[in-house]
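Just below is one structure, and these are the notes that go with it.
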Amino acid sequence: MKTSKSFLFFCTFPALALFLIFMAYPTISVFVMSLYKWGGYSAAKTFVGLNNFRALMEDDRFIGSFRNSVILLVLVSIVTLFLALWCANALTREKIRAKGLFRVIFYIPNILSAVVIAAIFSAIYDPSRGLANSLLSLVGIEPVMWLGNRSVVIYSIAIAMIWQATGYYMVMYMSSMSAVPHSLYEAADIEGASRKTKFFSVTLPLIWTNVRTTLTFFIISSINISFLLVRAMTGGGPDGASEVFLSYMYEQAYTNSSYGYGMAIGVVIFVFSFALSALVNLATRREIVEL
Amino acid sequence: MKKIISIILCAFICLSALASCRNRNADNNSSATLKVAVLESAYGSEMWEKVCDEFEKVSEDVNVELTADKNLEDVIGSKMKGGDYPDVVHLATGREAALTETMIKEGALTDLSDVLDMKVPGEEVTVSEKIIPGFTDTLATNPYQNKKTYLAPMFYSPCGLFYDANLLREKGWELPTTWDEMWALGDKAMAEGIYLFTYPTAGYFDAFIYSLLASSGGVDFYNDVMNYREGVWDTSEAKAVLDIVAKLKDYTEPTTVANSTGDNYLKNQQLVLDGKAIFMPNGTWVVEEMADAPRADGFEWGFTALPAIKDDRYSFTFFEQCWIPQEAKNKEAAREFVAFLYSDKAAQIFAEYGAVQPILNMTDKLSEENKLFYSVYENGAKAVMGGFAATEAVEGVSIYNTLFEAVNSIMTGDKTVDQWRSEIISVSDKLRNNLK
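Going down the list, the sequences are from chains R and E. Under my numbering, think of the first position of the first sequence as 1, with each following residue one higher. Under my numbering, think of the first position of the second sequence as 1001, with each following residue one higher.
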């Protein structure tokens, strides 16, 4: 018995040690550093308690970045979810020529780096020669300053994020959709079910576990990808209009020499994404349909 | 077989770990090593290698270990957090990662005042005798206003308005010297479908607004603004500056804001090369930056100080900075190295790559094109230097964002001048209470 316990200990120790060093310790450090006023480089740290969090509540730019992050989170998640489900269903269930080709084309944006995507969309959004304004001019609409208009810029970034994410989730949904037995659809056909009924009554309940998992992915990836795209496409501009959680955290921690404050923003992001994931998980809990 | 492979892999891992230990020990033992970390800017890193070689010849017992990187903060930042500091750092303020600003705010720089009195290695003159007067009396070198120099001035560049000299010549338009003339030129140009103004990013308004402030109220007024003096933004001089920026909105090329964010700012600079906009605020580096860009037939770079608001015209002098961290281990050699950067030998090497040291008689050694830019002060413009005084970091408050980034909102009409001014006043109040 003793040998078995020590064997288990030696087997799990490396993974546990790595987890503690690279996951637990940095996470706890973020919480601890958020209680200090610190520039990040020198030894001059001052304990300020919850002052950083109090300052956050009165910081308009932080509130703006929070709002932008929530807009992206909601918009990108919902639109991507619907598009990915629709495309996955079409490519799995419908008789479409060159399915494999479409699958590859849809997936390509996912293997491109965020910098390449930013470059592609910067070209599309170019005010004078971009694809977007050229299309608008065909129908007689005035050019839009996609990245220069404070009210439009966040939606321009959302479009790039949706384009980037759809293929990835589509492939995930396709894999679980292809596991749904064909016989169920045949039975539904015999019952006279329409395409819509088959999707909502057969496909969706059977891939629900997969959909729930991807909802958590949506939350995490929206926060991360939005930072990369914002940094490369707009730098948070114009005048902070496209600032998101992480870009504002970076700006405060480095550009404004307020590392402790940046870590306080990190804590808020951590708690927010954790709470949101839990909430989404709870709200989408259904009885698991198994075959 | 599996066992043998496992043993080989384990042995390989252990050996790599040991090998890395050996390297680190080797580094620690060489006490005469001077760690120099420099930003690899548009001038490249080759000139630094040459300067380090020359320094090793002058100081034979010192071995220079050079780190040059375009993202220097990423390379040395994490090491510094772990207590491994370079001995000399060449990195200017105004960078996004703001490492230099953080070091200033944290009081983590070594006082370099004694370096100014040191003899330049290999020469018989002191550093202060070589540096152009005024360069070591600015807030960019003496951030705490205690008459002590913490940052050595490096590579200076006059900032002002860049334009196509050939375009103005062909159209028969005079170069404006006052803002009234500027608006008149704007009206004429707009009638021909050419916009008066564009700017690469809102960040370029720093040198622009600094020059305007000096032109509006003189150097003392400029220093008051830089020190966040109470009521300074309520004066007519400050209002005149903000009004000029706001009026530029009507003369600015309409795609400017959309291209001023992220990496698209080159498109705005291209507008000047294409003859679609006349002026843009910039520094001498723009010539090298746009060297390969297409341009209008006969394009010829022109450079002028900003038009005068009252009597004098000003051109902001941007310069980079070099400093020694307080935690540097080899401070004596570091001081020697900083002094050597002002030697004729080093300055000559820097000049070959277009980097101009702020030392006397340096402009004689420049290329013809560079002479045009650097002669701006000989043609009647006055120099203004330095930036805002150092403060403690104030969470969520940045004069840079409030004063310069907000220009984009002024240009799109999302902010009025009054809103802009009241935000500047509010931020100035907060920073004034935290002056170092």
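Quick reminder that beta carbons are idealized off the backbone N, C-alpha and C, glycines included.
* To do: Report yes or no: do three or more beta-carbon pairs, one from the stretch 54-69 of chain R and one from the stretch 1124-1140 of chain E, lie closer than 8 Å?
  => no
* Within-8 Å CB hit, Lys1105/E to chain R -> yes
* Asked: In chain order, what residues of the same chain lie with their CB nearer than 7 Å to the CB of Ser156/R, ignoring the 5 residues before and after it?
  -> Result list for Ser156/R: Tyr125, Trp146 and Leu147, in chain order.
* **Within 7 Å of chain E by C-beta, residues of the stretch 255-270 of chain R in sequence order** => Near chain E, meaning a CB-to-CB distance below 7 Å, the residues of the stretch 255-270 of chain R are Thr255, Asn256, Ser257, Ser258 and Tyr261.
* To do: Please name the residue in Tyr1204/E, Val1245/E and Glu1192/E whose C-alpha comes closest to that of Pro1158/E.
  => Checking every option, the nearest Cα to that of Pro1158/E belongs to Tyr1204/E.
* Hey, does Met1080/E have any beta-carbon neighbour from chain R nearer than 8 Å? -> yes
* Assign Asn1071/E to one of two classes, buried (16 or more other C-beta atoms within 10 Å of its C-beta) or exposed (fewer than that). => Classification of Asn1071/E: exposed, given that the 10 Å Cβ count is below 16.
* Asked: Does the Cβ of Ile1359/E have 16 or more other Cβ atoms within 10 Å, making it buried, or fewer, making it exposed?
  -> buried
* **Three-state secondary structure assigned by DSSP to Ala1019/E** => The pLDDT assigned to Ala1019/E is 48, lower than 50, so where the model puts this residue is not dependable, and the model offers no usable value.
* To do: With Asp1074/E as the anchor, note down where its alpha helix (DSSP H) starts and where it stops.
  => Leu1072 to Lys1081
* Pull up the distance between the alpha-carbon of Leu215/R and that of Leu1306/E, whole angstroms please. => 55 Å
* To do: Please classify Lys1148/E: does DSSP put it in a helix, a strand, or coil?
  => coil
* Whether Phe31/R touches Val267/R by CB criterion (8 Å) -> yes
* DSSP state of Met1154/E, grouped into three classes? -> strand
* **DSSP state of Ser1059/E mapped onto helix, strand, coil** => coil
* Consider the Cβ of Asp1414/E: report whether some Cβ of chain R lies at a distance smaller than 8 Å. => Interface annotation, Asp1414/E: in contact with chain R, CB-CB separation under 8 Å.
* Which of helix, strand or coil DSSP assigns to Tyr1314/E -> strand
* Asked: How would you list, in chain order, the residues of chain R whose beta-carbon sits under 7 Å from the beta-carbon of Asp1053/E?
  -> Correct list: empty, because the minimum Cβ distance to chain R is about 30 Å.
* Are the CB atoms of Ile223/R and Phe245/R nearer to each other than 8 Å? -> yes
* Reducing DSSP to helix, strand and coil, say where Asn1223/E ends up. => helix
* Ends of the beta strand (DSSP E) at Met23/R? -> Run containing Met23/R: none; DSSP gives neither H nor E here.
* Does the count of Cβ pairs from the stretch 200-214 of chain R and the stretch 161-175 of chain R closer than 8 Å reach three? -> Note that the stretch 200-214 of chain R touches the stretch 161-175 of chain R; at least 3 beta-carbon pairs, one per stretch, sit closer than 8 Å.
* Asked: How is Asn1029/E classed by DSSP in three states: helix, strand or coil?
  -> Caution applies to Asn1029/E, whose pLDDT of 44 falls short of 50 and renders its modelled position unreliable; the model cannot decide the point.
* Asked: What are the complete alpha helix (DSSP H) segments, minimum 4 residues, inside the stretch 1342-1377 of chain E?
  -> 1344-1352 and 1368-1374
* The alpha helix (DSSP H) with Lys1382/E in it runs from where to where? -> Per DSSP, Lys1382/E belongs to no alpha helix (DSSP H); it is in the beta strand (DSSP E), Lys1382 to Val1384.
* Asked: What residues of chain E sit near Ala44/R, judged by a beta carbon separation below 9 Å?
  -> Glu1106, Gly1107 and Ala1108
* To do: Identify whether Thr1178/E lies in helix, strand or coil by the three-state DSSP scheme.
  => strand
* Can you list, in chain order, the residues of its chain whose CB lies under 6 Å from that of Met1182/E, leaving out five sequence neighbours each side? -> Pro1176 and Pro1307
* Asked: So which of Gln1269/E, Tyr1085/E and Gly1283/E has the shortest CA-CA distance to Ala1293/E?
  -> Gln1269/E
* **Cα-Cα separation between Val1427/E and Asp1164/E, rounded to whole angstroms** => 38 Å
* Reduced DSSP secondary structure (H/G/I, E/B, other) of Lys95/R -> coil
* **Three-pair Cβ contact test at 8 Å for the stretch 1251-1265 of chain E versus the stretch 1135-1144 of chain E** => no
* **Interface partners of Ser1422/E on chain R, CB under 8 Å** => Chain R residues near Ser1422/E: none, gap ~13 Å exceeds 8 Å.
* To do: With DSSP collapsed to three states, give me the class of Ala1308/E.
  => strand
* Asked: Beta-carbon of Met170/R versus every beta-carbon of chain E: anything under 8 Å?
  -> no
* Hey, quick one: how far does the alpha helix (DSSP H) through Asn1166/E stretch, first residue to last? -> Per DSSP, Asn1166/E belongs to the alpha helix (DSSP H) from Ala1165 to Lys1171.
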